[in-house]
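Start counting the sequence shown at 6; every next residue gets the next number (our numbering). The beta-carbon is built from N, C-alpha and C at its ideal position, and this holds for glycine as well. Every value quoted in this text rests on a predicted model; they were computed, and no experiment measured them.
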Amino acid sequence: MARKRITMNGVEAVIEPLHQEQGQNDSFTIGEFLRLHEQFMTVKKLEGLAVKTLSDHITFMRYLKDWLHNEVKDYENRVGEKGVFLEYVAYMYSKNYKPCTMNLRLRTLKCYLRWLYTEKILPEDISAKIKLVKVPKDTKEPLTPAEIKKIFKILDLAEYSNYRDFVIMLVILDCGVRINELINVKIEDYNSKDKTIKIGGDTVKTRETRVLPISTKTAKHLQRLVSIAEANNEEYIFNSTYGGRINTLNVIKNFEKYGEREVINYKQTTPHQFRRTFAVECVKAGMDVFTLQKMLGHANITATRIYVNLDNSHLINSHSKINIISKFI
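Structure below.
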């Protein structure tokens, strides 16, 4: 069958004939598995997957390739059966990878294997044979207001990088935005009149654009950062000291460094932890869980519930305020 050139969602690509069009191959090799991944990525781009999701597929496949290259002899000619991938799982176990890290890699692998099966390239659904690792229930405590204030105190707000990170902290604490979403906010996405930030669908897991409100206090600092960006002819609001948009990894490293300097009771001080703090404080303040779900950008309420781990003192106070038993005696 001839090659086909198609366009969807603004992406133009050449699609090669797949195995089911050439006759299914029962001795599908790892070499073919690796080569076909590029076509899988093209299909996913045409489906309109988020940039972050596409990036994850590429990154985690690179990790698998590195393992094959270093640990599996003559891997390209090895038959692509479940044993190979279970060896990869065993390898990650042997290196004491965190369950969440393993699952991130396994989810993208399973997605690709499932695609190979549905396209009739693989004779069996290997993805169903690869199980995700059980993750211990998340009991991480959010940062307290006092701990947040300690971090604020060590920031030198006269220094651009510190001030930028301070504003990032404020915005996350104010509206719960993901760090990857926030660093992709352009100047044009900020409405200073309404004090709202537009989060574009291309940077969101659910692919849905949402508008997040921020407080007057946060808006004041954000506007100052916008002015700095405009003065330097920048497109994005949050930039590096060398110019151009700051990347997620650098922000995460900066946040962790601030936490280490202040030694916040051995808690994580990542942007994600600030997002968790926002969620918990919103619930304590009385925000309904459906509004919180929308602000966090979760597709379902289950994901939102994971973020909220209320301490016993809050449960006790809430219970005493309700005083249900007084209705009966």
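| Query | Result |
| --- | --- |
| Are three or more beta carbon pairs between the stretch 168-177 and the stretch 279-287 nearer than 8 Å? | yes |
| Is it buried or exposed for M292, if we count other Cβ within 10 angstroms and need 16 for buried? | exposed |
| Which residues in the same chain have their Cβ closer than 8 Å to the Cβ of F157, if we skip the five residues on either side of it in sequence? | F171, M174 |
| Can the beta-carbon of A151 be found less than 8 Å from the beta-carbon of I192? | no |
| Among the residues of its own chain, which have a CB less than 6 Å from the CB of A18, if the five just before and after it don't count? | With a pLDDT of 48 at A18, under the threshold of 50, the predicted position of this residue should be treated as unreliable, and no value is reported. |
| Beta strand (DSSP E) containing S201: first to last residue? | For the sequence presented, residue 201 should be read as Thr rather than Ser. T201 -> beta strand (DSSP E) spans 201-204. |
| Please determine, among D194, V288, N255, the residue with the shortest C-alpha to C-alpha distance to T275. | N255 |
| Taking DSSP as the reference, what is the three-state secondary structure of L254? | helix |
| By Cβ distance below 6 Å, which residues in the same chain neighbour I153 in space, the five residues on each side in sequence not counted? | none |
| Specify whether the stretch 32-49 and the stretch 102-120 touch according to this definition: at least 3 beta carbon pairs, one from each stretch, less than 8 Å apart. | yes |
| Going by alpha carbons, who is nearest to H62 out of H74, H42, K78, G53? | H42 |
| Can you tell me where the beta strand (DSSP E) with P218 in it begins and where it stops? | 215-218 |
| Between D71 and R310, what straight-line distance do the alpha-carbon atoms span, to the nearest angstrom? | 36 Å |
| Within the chosen definition, does the stretch 225-243 reach the stretch 179-194 through at least 3 CB pairs nearer than 8 Å? | yes |
| Can you give me the start and stop residues for the alpha helix (DSSP H) that H277 sits inside? | 276-289 |
| Mapping the DSSP letters down to three states, classify V77 as helix, strand or coil. | coil |
| Measure the Cβ-Cβ separation of F33 and G85 and say whether it is below 8 Å. | yes |
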